[in-house]
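Residue numbers (the numbering used here): 1056 to 1543.
These notes are about the structure you will find just below.
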Ligand code: GLN
């Protein structure tokens, strides 16, 4: 079995050998972020001075023989909804223009403790609401494989930054697919951990029962190293799992013999799915079989209700979470408004973009007296049924393998006028959030020069298993090494 071919291991070895310094890496990332990143619209802010200082400190630590983790000295970027003391956390929204976070999120505190070098903050859909990184007050991010296409969303800036080799590591957040779908569209690896695995303290809340921060990187082994650094119980997040930090990177042994891979029928029968994408996924399944895995068809019969349930629950929670942006304590404050209600109305009308407003309205509606039972409560019942579907499937198999998305990347502008069509593109990702399961997306080939994403879902808490399957596949194939031509 060849060893994992991740950048974390490669760069770590080069740093150890003194062939490279963390300052050189930070400098390269910063200049690529300005250059390629600028053309792609991947960043909302860069942190040159602190990045170079942190990198110099990492070099000193290493020289003194005291590195803190596998990712010590490595450059990383953060989605703009992850709080960092003294830096903006704008969530690509006008409502948070000028906001500077007074504290570090737990993931940032853990990245610092691990010695990672934060380079800057990446573009996203406003408050993580979207699947294309077009709902940003900073303008869209472009797909590094083809700039007229969307990189996916909402963590499009983070995925584009990794795909164009600006940084080896990034963090995104995944409420209904926002790490996995952009990873699929950009040809990189993105993981949504088990709900509660990574602390949400300091992640600006979209839908609290679904949100998870997740790693984006060039390989499963790199994602594992990053997940290990940020995972583990946090008393500041009451939904955090009572478990120590993971050590998934140590458990990657490339062995999938005897592992049972379930193929959920419904995920291969999505209306409008590109047959070439499904073919790519089947070919990847055949590779896993050749490595000794067994396959079995399973059914997740309530899948057809998942998108509807997701868009009721997520909007309900968003309407409550976003109430804090009232122009008083948080958020843009309109000038010249009359009275308190006038201030709320004007501030929120001016501050939020169209998609966020649509969701606040929908969420408020489904929670209102008379509609709560018809919509919100029914959606919660569907959530339970989806969870049971997965339990039944996981009685027959160890992991599920599906396409991450029914199609490859779509055109910028193609779906902005049709929110329902945009929502329907989340059909293959939202169920993992509703059920709280870990899921990883990894590249498994291309259709007409665009990456296809393979999704591996696991039982709750079995984050290590999905990474192990993804890593085993990457030891057998080299789809994850394909990179876009640098754009001119
Ligand atoms: N595309 C989904 C939505 O628009 C998921 C977003 C996310 O995961 N943050 O809600």
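Positions of the beta carbon are idealized from the N, C-alpha and C atoms, including for glycine.
Option nearest residue i by Cα separation, candidates the options
i            : options                : result
residue 1333 : 1256, 1483, 1202       : 1483
residue 1406 : 1394, 1424, 1385       : 1385
residue 1366 : 1476, 1470, 1310       : 1476
residue 1065 : 1092, 1129, 1082       : 1129
residue 1009 : 1109, 1116, 1089, 1104 : Only positions 1056 to 1543 of the chain appear in this structure, which leaves residue 1009 out of reach.
residue 1481 : 1447, 1239, 1349, 1270 : 1239
residue 1161 : 1286, 1428, 1170, 1393 : 1286
residue 1438 : 1179, 1368, 1419       : 1368
residue 1230 : 1516, 1327, 1299, 1490 : 1490
residue 1038 : 1185, 1224, 1264       : With the chain covering only 1056 through 1543, there is no way to say anything about residue 1038.
residue 1284 : 1131, 1540, 1509, 1445 : 1131
residue 1322 : 1486, 1294, 1517, 1270 : 1486
residue 1256 : 1457, 1464, 1071, 1137 : 1137
residue 1624 : 1063, 1168, 1148       : Look at the range of the chain in this structure, 1056 to 1543, and you will see that residue 1624 is not part of it.
residue 1070 : 1522, 1114, 1507, 1427 : 1114
residue 1503 : 1263, 1077, 1335       : 1335
residue 1479 : 1380, 1327, 1202, 1089 : 1327
residue 1316 : 1082, 1190, 1523       : 1523
residue 1461 : 1083, 1147, 1207, 1189 : 1207
residue 1142 : 1158, 1149, 1148       : 1158
residue 1404 : 1428, 1377, 1421       : 1377
residue 1337 : 1380, 1362, 1458, 1297 : 1458
residue 1222 : 1361, 1077, 1320, 1144 : 1077
residue 1280 : 1306, 1294, 1288       : 1306
residue 1408 : 1426, 1375, 1099, 1182 : 1182
residue 1381 : 1362, 1331, 1402       : 1402
residue 1509 : 1139, 1456, 1516       : 1456
residue 1374 : 1394, 1421, 1341       : 1421
residue 1339 : 1532, 1429, 1492       : 1532
residue 1465 : 1188, 1219, 1105       : 1188
residue 1180 : 1154, 1153, 1134       : 1134
Whole-angstrom distance between residue j and residue i, CA atom to CA atom
i            : j            : result
residue 1125 : residue 1111 : 17 Å
residue 1441 : residue 1192 : 35 Å
residue 1259 : residue 1345 : 43 Å
residue 1056 : residue 1151 : Residue confidence for residue 1056 is low, a pLDDT of 49 falling below 50, so the modelled location carries little weight; the figure read from the coordinates is stated next. Each residue's alpha carbon lies about 49 Å from the other.
residue 1392 : residue 1383 : 12 Å
residue 1424 : residue 1433 : 14 Å
residue 1534 : residue 1325 : 24 Å
residue 1123 : residue 1388 : 43 Å
residue 1171 : residue 1127 : 5 Å
residue 1290 : residue 1166 : 17 Å
residue 1209 : residue 1217 : 15 Å
residue 1267 : residue 1244 : 16 Å
residue 1358 : residue 1304 : 32 Å
residue 1086 : residue 1227 : 21 Å
residue 1200 : residue 1390 : 43 Å
residue 1543 : residue 1530 : Here residue 1543 scores only 48 on pLDDT, less than 50, and its place in the model should not be relied on; the value that follows carries that caveat. Roughly 32 Å between the two C-alpha positions.
residue 1349 : residue 1235 : 24 Å
residue 1175 : residue 1419 : 34 Å
residue 1275 : residue 1463 : 20 Å
residue 1061 : residue 1273 : 7 Å
residue 1120 : residue 1080 : 19 Å
residue 1526 : residue 1399 : 50 Å
residue 1147 : residue 1197 : 15 Å
residue 1088 : residue 1355 : 42 Å
residue 1444 : residue 1246 : 22 Å
residue 1351 : residue 1505 : 28 Å
residue 1093 : residue 1202 : 12 Å
residue 1501 : residue 1507 : 5 Å
residue 1414 : residue 1265 : 15 Å
residue 1362 : residue 1488 : 11 Å
residue 1470 : residue 1118 : 51 Å
Test: residue i CB closer than 8 Å to a CB of chain B
i            : result
residue 1284 : The chain labelled as chain B is not found in the depicted structure, where only one protein chain is given.
One or two residues paired with residue i in a DSSP bridge
i            : result
residue 1521 : Residue 1521 pairs with nothing; no bridge assigned.
residue 1078 : Beta-bridge pairing links residue 1078 to no other residue.
residue 1272 : 1224, 1244
residue 1131 : 1173, 1224
residue 1349 : 1315
residue 1501 : 1506
residue 1258 : 1137
residue 1098 : 1177
residue 1512 : 1455, 1494
Minimum length 4: unbroken alpha helix (DSSP H) runs contained in the stretch 1453 to 1480: The stretch 1453 to 1480 contains these whole alpha helix (DSSP H) runs: 1474 to 1479.
As an exercise, report each continuous alpha helix (DSSP H) stretch of at least 4 residues that is fully enclosed by the stretch 1171 to 1233, in chain order. Taken in chain order, the unbroken stretches of alpha helix (DSSP H) that lie wholly in the stretch 1171 to 1233 and span 4 residues or more are 1211 to 1218.
Give, in chain order, every unbroken run of the alpha helix (DSSP H) that is at least 4 residues long and sits entirely within the stretch 1273 to 1308. Fully enclosed alpha helix (DSSP H) runs of 4 or longer: 1275 to 1285.
Go through the stretch 1325 to 1390 residue by residue and report every complete run of the beta strand (DSSP E) that reaches 3 residues or more, in order. Correct list: 1349 to 1353.
Any alpha helix (DSSP H) of 4 or more consecutive residues that is wholly inside the stretch 1424 to 1454: As far as the stretch 1424 to 1454 is concerned, its whole alpha helix (DSSP H) runs of at least 4 residues are 1433 to 1449.
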